[in-house]
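In the numbering used here, the protein residues as written are 2 to 510.
Even for Gly, the Cβ is constructed at its ideal location relative to N, Cα and C.
Note that the structure is a prediction, hence the values are computed from the model and not measured.
In structure tokens form, the structure reads like this:
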């Protein structure tokens, strides 16, 4: 009996939970339907899509003391855009907006039946997939509904910052192609530039081919895509306009040349409506507050006039020097004031940082500009600009009779300021105890000579440390050489003697 009661209790709990779950699902569906209905009531351009589920509600009223007599009909929009409606029949709704369809259905129902209230609402939008491809993170089929706009599926596909174009999107529908500009939707609420999607739609995302950056005294600085034909005045409006501190007496434009370098242009008293745009342009809006920040030169520079390429006369560490800005100061002027790049300069990694917008540009031709003093390739600097000339990774070489280099090898190690000959010999495993002479160590010179040094001598970058052989090793080599020479002569004499004897024997016989 007890087991039966326990089983019955469990069964009742399960039935209750199923009922509650069903009720929750029903409530959730009702809430969803109500939300959908409220949403499309205010969307003037929504057109029904095959697969949409609509609900027609007709309230016939009630007699005194009786419950309300109403009927609800769930209607699916067919593939041929028709609805099969009670009391009306089949209605083709293709090309009509939802608000127009709703008005027609309510009017016709009220004309045919004595209804107290009639309502027609979208219960659930059609579900389908659209194909998104091009410059997106994830090309392929993306789930959508008849209430999904273009920008929503693009968010799911993943636009690539700086690469994906949102101003030249291509919507392919029923064999037709339409160019969309989402900027016009987001800034000016032009909904035709961000339409609802339909089954079979395909969206092609092009790469952004026209971009500029605008920085300085602008409300919303940054990189912007533009459409050919737009002017700087339009871009400034798109970016929120100029700040009150903007200096409208001039602007700076950096324009990319066919050679891949930037030409810096100062445009005096500009008419913003007449300034054209080119892909890669960098626009800098100056400030009326002025800026007297110095120019910073950082890296492998002399810091003073240095003689030739003598390593010992140059700084072997990276310097950071401030140069007071002067109107008209150029790259060459700044470099001359700091003694120019040293032999430790890694020209290929040199770059320039603008004081206006902090953009970084490579200076791949810096060596040629400096060595030729080519003024045609020189350019103007501005307050706060920074020139960076990185140092090479400096090395020290060890060869001769060390543990790692005995037999003609050579090892290289990174140069570290303050390290001595002893430190680098330790890096090479130490002097070879059998063949090396720790008292006969020197720096190998370009002409082949050796400059004797002691173990505590500081090592400059680029030095070649050479460990000589010890005396016993030299003696063994000398003796080995003499003995081999003597043996060679004896062997030659014996061979000749044997040849003579053999020849005599042949004659006698």
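Short Cβ contact (8 angstroms threshold) for residue i with residue j
i: residue 150; j: residue 121; result: no
i: residue 202; j: residue 94; result: no
i: residue 268; j: residue 213; result: no
i: residue 234; j: residue 273; result: yes
i: residue 389; j: residue 352; result: yes
i: residue 443; j: residue 457; result: no
i: residue 346; j: residue 300; result: yes
i: residue 171; j: residue 164; result: no
i: residue 330; j: residue 298; result: no
i: residue 55; j: residue 124; result: yes
i: residue 206; j: residue 142; result: no
i: residue 147; j: residue 53; result: yes
i: residue 371; j: residue 341; result: yes
i: residue 437; j: residue 470; result: yes
i: residue 415; j: residue 439; result: no
i: residue 136; j: residue 110; result: no
i: residue 86; j: residue 58; result: no
i: residue 288; j: residue 246; result: yes
i: residue 129; j: residue 145; result: yes
i: residue 254; j: residue 277; result: no
Cβ neighbours of residue i in the same chain (closer than 7 angstroms, five flanking residues each side left out)
i: residue 199; result: 50 and 174
i: residue 454; result: 422, 442, 443 and 444
i: residue 279; result: 256
i: residue 139; result: 158 and 159
i: residue 79; result: 51
i: residue 324; result: 295, 296, 298, 335, 338 and 339
Paired residues, beta bridge with residue i - DSSP
i: residue 225; result: 213
i: residue 522; result: Shown here, the chain extends from 2 to 510; a query on residue 522 therefore has no answer.
i: residue 299; result: 321 and 389
i: residue 93; result: 83
i: residue 467; result: 400 and 443
i: residue 135; result: 206
i: residue 142; result: 132
i: residue 366; result: For residue 366, which the question treats as bridged, DSSP gives no partner whatsoever.
i: residue 197; result: 150
i: residue 114; result: Its beta-bridge partners do not exist; DSSP assigns none.
i: residue 283; result: 214 and 255
i: residue 75; result: 56
i: residue 288; result: 247
Cβ-based neighbour list, residue i, same chain, cut-off 8 angstroms, excluding 5 preceding and 5 following
i: residue 243; result: 218, 219, 220, 237, 249 and 286
i: residue 313; result: For residue 313, the predicted model reports a pLDDT of 40, less than 50, meaning its position is unreliable; a value from the coordinates is still stated below. These residues qualify, in order along the chain: 461.
i: residue 226; result: 166, 167, 168, 184, 209, 211 and 212
i: residue 294; result: 326, 356, 384 and 385
i: residue 430; result: 403, 404 and 405
i: residue 369; result: 375 and 378
i: residue 113; result: 88 and 89
i: residue 70; result: 60, 61, 62 and 63
Chain-order list of residues whose beta-carbon lies under 6 angstroms from that of residue i (same chain, five-residue window excluded)
i: residue 264; result: 256 and 258
i: residue 118; result: 60
i: residue 358; result: 216 and 285
i: residue 182; result: 168 and 194
i: residue 332; result: 379 and 380
i: residue 186; result: 194 and 195
i: residue 152; result: 183 and 195
i: residue 447; result: none
i: residue 393; result: 345 and 347
i: residue 106; result: 121
i: residue 77; result: 54
i: residue 319; result: 300 and 392
beta-carbon residue i near the ligand COA non-hydrogen atom, thresh 7 angstroms
i: residue 468; result: Absence of the ligand COA from the depicted structure is noted, as is the absence of any ligand whatsoever, leaving it without description.
Test: residue i CB closer than 8 angstroms to a CB of chain C
i: residue 255; result: Looking for chain C here will not work: only one protein chain is present.
Inter-stretch contact (C-beta, 8 angstroms, three-pair minimum) for the stretch 46–54 and the stretch 80–98: Counting C-beta pairs closer than 8 angstroms gives three or more between the stretch 46–54 and the stretch 80–98, which meets the contact rule.
Would you list, in sequence order, the uninterrupted alpha helix (DSSP H) runs of no fewer than 4 residues that lie entirely inside the stretch 321–361? Segments of the alpha helix (DSSP H) lying fully in the stretch 321–361: 332–338.
Do the stretch 407–427 and the stretch 464–471 meet, that is, are 3 or more Cβ pairs less than 8 angstroms apart? Cβ pair count under 8 angstroms is three or more, so yes.
Restricting to runs no shorter than 4 residues, where is the alpha helix (DSSP H) found entirely within the stretch 384–447? You should have 422–428.
Quick check: the stretch 358–370 against the stretch 398–411, are at least 3 beta-carbon pairs closer than 8 angstroms? These segments do not touch.
Please specify which runs of the beta strand (DSSP E), each continuous and at least 3 residues long, are wholly inside the stretch 248–275, giving them in chain order. The stretch 248–275 contains these whole beta strand (DSSP E) runs: 251–257 and 263–269.
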